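**Q** In my numbering, the protein residues as written are 46 to 493. Ideal Cβ positions, reconstructed from N, Cα and C, are used throughout, including at glycine. The structure presented is a predicted model; accordingly, all values stated were derived computationally and were not measured.
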RNA sequence: GUGGGUAUAGCUCAGUGGUAGAGCGCCGGACUGUGGCUCCGGAAGUCGCGGGUUCGAACCCCGUUACCCACCCCA
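1. Report the rounded CA-to-CA distance for residue 85 versus residue 401, giving the unit in angstroms.
2. Residue 199: which of 314, 96, 290 and 53 sits nearest, CA to CA?
3. DSSP three-state label for residue 372, please.
4. Using 8 Å as the Cβ pair cut-off and three pairs as the minimum, do the stretch 172 to 187 and the stretch 359 to 378 touch?
5. What does the alpha-carbon distance come out to for the pair residue 36 and residue 188?
6. From what residue to what residue does the alpha helix (DSSP H) around residue 61 run?
7. Entirely within the stretch 204 to 239 and at least 3 residues each: give me those beta strand (DSSP E) ranges in chain order.
8. Under 8 Å by Cβ, that's how I've got residue 463 and residue 478 pegged, so tell me the actual separation to the nearest angstrom.
9. Between the beta-carbon of residue 245 and the beta-carbon of residue 233, is there less than 7 Å?
10. Is the stretch 55 to 72 in contact with the stretch 89 to 97, if contact means three or more CB pairs nearer than 8 Å?
11. Excluding five sequence neighbours on each side, which residues of the same chain lie with their C-beta closer than 7 Å to the C-beta of residue 316?
12. With DSSP run on the structure shown, which of helix, strand or coil describes residue 107?
13. Shortest alpha-carbon distance to residue 395 belongs to which of 442, 142, 164 and 437?
14. On the criterion of 16 or more Cβ atoms from any shown chain inside 10 Å, does residue 488 qualify as buried, or is it exposed?
15. Note down, in chain order, each residue of its chain lying with its Cβ closer than 8 Å to the Cβ of residue 380, except the 5 sequence neighbours on either side.
16. With H, G and I counted as helix, E and B as strand and the rest as coil, what does DSSP make of residue 308?
17. Taking the Cβ atom as the reference point for each residue, do residue 290 and residue 193 lie within a distance shorter than 7 Å?
18. State buried or exposed for residue 103, treating a residue as buried only when at least 16 other CB atoms are found within 10 Å of its CB.
19. Counting pairs of beta carbons, one from the stretch 95 to 110 and one from the stretch 126 to 141, are three or more of them closer than 8 Å?
20. With DSSP as the reference, please indicate the residues paired to residue 351 in a beta bridge.
21. How about the stretch 204 to 223 and the stretch 293 to 301: do they share at least three Cβ pairs that are nearer than 8 Å?
22. Leaving out the 5 sequence neighbours to the left and right, which residues in its chain are closer than 8 Å to residue 342 when beta-carbon positions are compared?
23. Compare the Cα-Cα distances from residue 212 to each of 457, 184 and 226 and report the closest residue.
24. Closer than 7 Å by C-beta to residue 122: which residues in its own chain qualify, once you throw out the five before and the five after it? Chain order, please.
25. Whose C-alpha, out of 455, 447 and 486, is nearest the C-alpha of residue 471?
26. Going by DSSP, what residue range makes up the alpha helix (DSSP H) through residue 332?
27. Which residue from 368, 101, 475 and 467 puts its Cα closest to that of residue 453?
28. Could you check the C-alpha separation between residue 377 and residue 354 for me, to the nearest Å?
29. What's the gap between the Cα of residue 49 and the Cα of residue 57?
30. Taking its Cβ as the centre, do 16 or more other Cβ atoms sit within 10 Å of residue 286, making it buried, or is it exposed?
31. Using 10 angstroms around the beta-carbon of residue 426, count the other beta-carbons present and answer buried if the total reaches 16, otherwise exposed.
32. Taking residue 191 as the reference, which of 99, 335 and 65 has the closest Cα?
33. Using only alpha-carbon positions, find the residue among 181, 364 and 250 that is nearest to residue 148.
34. Distance, Cα to Cα, residue 494 vs residue 155?
35. Of all the beta strand (DSSP E) runs that stay within the bounds of the stretch 122 to 187, which reach a length of 3 or more residues?
36. To the nearest angstrom, how far is it from the Cα of residue 390 to the Cα of residue 450?
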């Protein structure tokens, strides 16, 4: 029987859980500080809720659940696993419209499933940490998203991330001004999105392969030939976009929105992080306005992404409600933090503060009594179950990374003491039994 | 879905046709009141799976499965 979990999924052992909970704790704290409130939604949705929301590629990657019973052999699906947290939110907003505040800000940390081929930092089951702000078209909320993501990453110890920002309407305007017909926009965006990977010549090849005319291809390349990704100054790309789309009213206003976002962000933790990236496209089809992606140098994919989707809720409700959101990819953050050794020491410590050793079989009752006393002092306490020789018990405690062991031998019992040994320093102290818990707790507080 | 690579002990890997190996880990002992250091000993492998070539295959050939890397797409 094979014991490996299905490809693209993982079991989380205690060390993994500690790392995950550390990151989730920071994410939740920051999100709540920005006024986002938690919701959860089911692991699966009616399939029609999901289909047609993510684009052609997305449709293929949805995990479908077969109908049960007599319909099973037809292979027909009526349910599907959640593909992201944004579409379920849109459904929730449409369903509970009159119970939700005018400006609804929610966060949601749950797994999603994609029928992708697994790769480094890419899983078929993974957690997203979403924040979304419903009900406002203001660029102020887009900036709050960028700000909270920056604060999360900053607190986790990231100092080299950038927030790439672009605008769907600005992209549309750019392509229209270059002479790319509307029906080729999706293809053209896919090609342009690869600019930093395959270069100008590659994009040119890709565009013509996708049937974009020479003239339009040339016009696109003219614009993008000077575009440098991740350039710190935002004025240059904004100026160039503005100039290129000046005859296009919607495009010009989109560029103005981008400029507002850059300016507002200066007063937030996102300050200095934003890079206007005219080639950023993003795959999901529901985006309508500003789009964003979070990148670090040592990861091919992104740590997170998001954007404005002003008419997704309308697909459920019948009339549009503006919305914008962003997600952080939990496992991508953990992959980079693990590789870089960014977890603080207390996360690496095990789940036990002190182990009570077992002196001999006769003292078992005393060992559990001591464990109880130490637990009453708010310590996490394990009791060694067998009367093995002390060396073996110590070795076990050290291998579990337990910082302290407590020993009550015949001598200690006679004096009403506990011998407390710090396994990290090797230092051993005899303390009155009533003081033992406080002694250990204060040592833990002093040096993690 | 496309291309490339890998598969040998719990882990990391060596082994280019002739007796299955190392380091780490694990267990025991030196050490019946003390882990890490040292020394001694020990357990542990259908060499991914199936077929073929050969007197003989971990090694060569064919197939297959799993995993890894890159691409596509994305968190």
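**A** According to the data block:
1. Numbered from 1 along the first chain, position 40 holds the residue referred to as residue 85. Numbered from 1 along the first chain, position 356 holds the residue referred to as residue 401. Taking the CA atoms as reference points, residue 85 sits about 41 Å from residue 401.
2. For the purposes of this step, residue 199 is taken as the residue at position 154 of the first chain. Residue 199 has its Cα closest to that of 314, out of 314, 96, 290 and 53.
3. In the first chain, residue 372 corresponds to position 327, counting from 1. Residue 372 falls in the strand class under three-state DSSP.
4. yes
5. Outside the displayed span of the chain (46 to 493) sits residue 36, for which this structure offers no information.
6. Counting from 1 along the first chain, the entry for residue 61 is found at position 16. Per DSSP, residue 61 belongs to the alpha helix (DSSP H) from 59 to 78.
7. 207 to 212
8. Residue 463 sits at position 418 when you count from the first residue of the first chain. Residue 478 sits at position 433 when you count from the first residue of the first chain. That pair is a contact at about 5 Å.
9. Mapped onto the first chain, residue 245 falls at position 200. Mapped onto the first chain, residue 233 falls at position 188. Taking 7 Å as the Cβ cut-off, residue 245 and residue 233 do not qualify as a contacting pair.
10. no
11. In the first chain, the residue the question calls residue 316 occupies position 271. If we look at residue 316 and ignore the five residues flanking it on each side, its Cβ neighbours are 310.
12. In the first chain, counting from the first residue as 1, residue 107 sits at position 62. Reduced to three states, the DSSP call for residue 107 is coil.
13. Taking the first residue of the first chain as 1, we reach residue 395 at position 350. Ranking the options by Cα distance to residue 395, first place goes to 442.
14. Reading the first chain from its first residue, position 443 is the one you call residue 488. Burial is judged here by how many other beta carbons sit within 10 angstroms of a residue's own beta carbon; residue 488 has at least 16 and is buried.
15. On the first chain, position 335 is the one that residue 380 refers to. Beyond the five residues adjoining it in sequence on each side, residue 380 comes within less than 8 Å, by CB distance, of 165, 166 and 344 in the same chain, given in chain order.
16. Against the first chain, residue 308 aligns to sequence position 263. Three-state result, residue 308: helix.
17. Reading the first chain from its first residue, position 245 is the one you call residue 290. Reading the first chain from its first residue, position 148 is the one you call residue 193. No. Outside cutoff.
18. The sequence position of residue 103 within the first chain is 58, counting from 1. Flag for residue 103 reads buried.
19. yes
20. By 1-based counting over the first chain, the position of residue 351 is 306. 337 and 371, per the DSSP bridge assignment.
21. yes
22. Indexing the first chain from 1 puts residue 342 at position 297. Here the set comprises 205.
23. Numbered from 1 along the first chain, position 167 holds the residue referred to as residue 212. When only C-alpha atoms are compared, the closest one is 184.
24. Walking along the first chain from the start, residue 122 turns up at place 77. Result list for residue 122: 92, 109, 110, 111 and 112, in chain order.
25. Here the question's residue 471 lines up with position 426 in the first chain. Measuring from the Cα of residue 471, the nearest candidate turns out to be 447.
26. Counted from its first residue, the first chain places residue 332 at position 287. Careful: residue 332 lies outside any alpha helix (DSSP H) and carries neither H nor E.
27. The residue labelled residue 453 in the question sits at position 408 within the first chain. When each option's Cα is compared against that of residue 453, the closest is 475.
28. Residue numbering aside, residue 377 sits at position 332 when the first chain is read from its first letter. Residue numbering aside, residue 354 sits at position 309 when the first chain is read from its first letter. Taking the straight line from one Cα to the other gives about 24 Å.
29. The count along the first chain starts at 1 and reaches residue 49 at position 4. The count along the first chain starts at 1 and reaches residue 57 at position 12. The straight-line gap from Cα to Cα measures roughly 12 Å.
30. Taking the first chain and counting its residues from 1, the one referred to as residue 286 is at position 241. Residue environment for residue 286: buried (at least 16 other C-beta atoms within 10 angstroms of its C-beta).
31. The residue given as residue 426 occupies position 381 in the first chain. Residue 426 comes out buried.
32. As a position in the first chain, residue 191 is number 146, starting the count at 1. Out of 99, 335 and 65, 335 has the C-alpha closest to the C-alpha of residue 191.
33. The sequence position of residue 148 within the first chain is 103, counting from 1. Distances from the alpha-carbon of residue 148 to those of 181, 364 and 250 put 181 closest.
34. No statement about residue 494 is possible, as the shown extent of the chain runs from 46 to 493 and does not include it.
35. Secondary structure within the stretch 122 to 187: the beta strand (DSSP E) runs of 3 or more consecutive residues, fully enclosed, are 122 to 126, 149 to 158 and 170 to 179 (chain order).
36. Along the first chain, read from residue 1 onward, the residue named residue 390 stands at position 345. Along the first chain, read from residue 1 onward, the residue named residue 450 stands at position 405. Cα-Cα distance, rounded: 19 Å.
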